[in-house]
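Visitor: Heads up: the sequence shown begins at 3 in our numbering, then just goes up one per residue.
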Amino acid sequence: MTATNGTGTTTVHLLRHGEVHNPEGVLYGRRPGYLLSERGHEMARTVAEAIGDRDITHLRVSPLERAQETAAPLAAARDLELTTDPRVIESGNVFEGRRFGAEAGAFRRPSTWVHLWNPFRPSWGEPYKELVARMMAAVYDARDAARGHEAVIVSHQLPIWITRLHVEKRSFLHDPRKRQCTLCSLTSLHFEDDRLVRLSYSEPAGHLIPTRDKSAPFSAGDAPEERRP
Numbered sequence: 003m004t005a006t007n008g009t010g011t012t013t014v015h016l017l018r019h020g021e022v023h024n025p026e027g028v029l030y031g032r033r034p035g036y037l038l039s040e041r042g043h044e045m046a047r048t049v050a051e052a053i054g055d056r057d058i059t060h061l062r063v064s065p066l067e068r069a070q071e072t073a074a075p076l077a078a079a080r081d082l083e084l085t086t087d088p089r090v091i092e093s094g095n096v097f098e099g100r101r102f103g104a105e106a107g108a109f110r111r112p113s114t115w116v117h118l119w120n121p122f123r124p125s126w127g128e129p130y131k132e133l134v135a136r137m138m139a140a141v142y143d144a145r146d147a148a149r150g151h152e153a154v155i156v157s158h159q160l161p162i163w164i165t166r167l168h169v170e171k172r173s174f175l176h177d178p179r180k181r182q183c184t185l186c187s188l189t190s191l192h193f194e195d196d197r198l199v200r201l202s203y204s205e206p207a208g209h210l211i212p213t214r215d216k217s218a219p220f221s222a223g224d225a226p227e228e229r230r231p
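(1) Give me, in chain order, the residues of the same chain whose beta-carbon lies closer than 7 Å to that of proline 212; leave out the 5 immediate sequence neighbours on both sides.
(2) Which residues in the same chain have their Cβ closer than 7 Å to the Cβ of proline 226, if we skip the five residues on either side of it in sequence?
(3) Can you check which of these residues, His158, Gly20 and Arg149, is closest to aspartate 87 by C-alpha distance?
(4) If you draw a straight line from the alpha carbon of glutamate 40 to that of valine 156, how long is it in whole angstroms?
(5) Quick one: what's isoleucine 155 bridged to in DSSP?
(6) Since arginine 68 and leucine 29 should fall inside the 8 Å C-beta cutoff, what is the C-beta to C-beta distance between them, to a whole number of angstroms?
(7) What residue range is occupied by the uninterrupted beta strand (DSSP E) comprising tyrosine 203?
(8) Pick from Pro206, Gly150, Lys171 and Ile162: whose alpha carbon is nearest that of histidine 192?
(9) What are the boundary residues of the alpha helix (DSSP H) that includes glutamate 128?
(10) What three-state label does DSSP hand leucine 29 in the structure shown?
(11) Is the distance from the Cβ of isoleucine 58 to the Cβ of alanine 153 below 8 Å?
(12) Does arginine 179 pass the burial test, meaning 16 or more other C-beta atoms within 10 Å, or should it be called exposed?
(13) Can you find the residues in the same chain that come closer than 6 Å, C-beta to C-beta, to glycine 127, ignoring five residues on each side of it along the sequence?
(14) Compute the distance between the beta-carbons of leucine 90 and arginine 56, then report whether it is under 8 Å.
(15) With C-beta atoms as the reference, is leucine 185 less than 8 Å away from arginine 18?
Printed below as a string of structure tokens:
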């Protein structure tokens with residue numbers, strides 16, 4: 003669809019990155035050096051094949067490597083330049099660098115409990131309100147850059163999920179195991195002019211995700227069972 007006088011129907015897709023090579027089962031957060039696994043690269047290619055013929059004119063990406071790698075096949079398919087945007091980076095988390103698999107027992111340690119007193123804010127990481135503010139600012143900029151067309155923002159599970167809760171006017175309090183935001187899924191925001199009219203969700207690479215990983219709060223590709231979250 004072609005925009006007229008800067009108006010029209012515009013869709014902004016929030017694409018979660020693919021599976022991460024994380025054999026130690028570390029909550030990597032914003033740490034550098036966590037790249038896609040072989041399956042993660044396959045997921046990225048699958049998404050590019052699934053939506054590469056869509057009218058996507060703008061591609062905005064988190065600065066973290068796993069997001070950049072996920073975006074690369076789509077950028078090639080659409081001949082688009084990547085716009086790196088720190089506003090769509092992973093959320094901050096005091097538990098970054100720890101392991102949360104069954105063998106780690108992180109939540110049994112008293113040193114962990116001190117950070118868990120307020121799940122509404124939350125007390126262990128970036129405030130949800132600040133997370134939503136930066137994500138929605140990036141969404142609006144992507145919408146404006148792709149007026150009358152489609153845009154893709156490659157981000158991370160929690161930023162995408164909290165954005166969805168905000169859009170749907172739901173409480174930010176949630177069980178991380180019940181987020182509907184699997185690897186390489188699309189949470190799509192549909193606008194008529196400036197007005198957000200609906201949200202849709204799809205999993206173009208869902209068939210590549212092991213069943214045990216579909217509810218995981220972070221990706222631990224290539225990790226043994228006891229080190230998975």
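The beta-carbon is built from N, C-alpha and C at its ideal position, and this holds for glycine as well.
Guide: Considering the structure as presented:
(1) none
(2) Here the set comprises nothing.
(3) His158
(4) A straight-line Cα-Cα distance of about 18 Å links glutamate 40 and valine 156.
(5) Leu16 and Arg62
(6) Between leucine 29 and arginine 68 the Cβ distance is about 14 Å, and since that is not below 8 Å, they are no contact.
(7) 197–204
(8) Gly150
(9) That residue, glutamate 128, is in no alpha helix (DSSP H); it is neither H nor E in DSSP.
(10) DSSP places leucine 29 in coil when its eight states are reduced to three.
(11) Yes, the Cβ-Cβ distance between isoleucine 58 and alanine 153 is below 8 Å.
(12) exposed
(13) Ser93, Gly94 and Asn95
(14) Here residue 90 turns out to be valine, not leucine, going by the sequence shown. Valine 90 is not a Cβ neighbour of arginine 56, given a cutoff of 8 Å.
(15) yes
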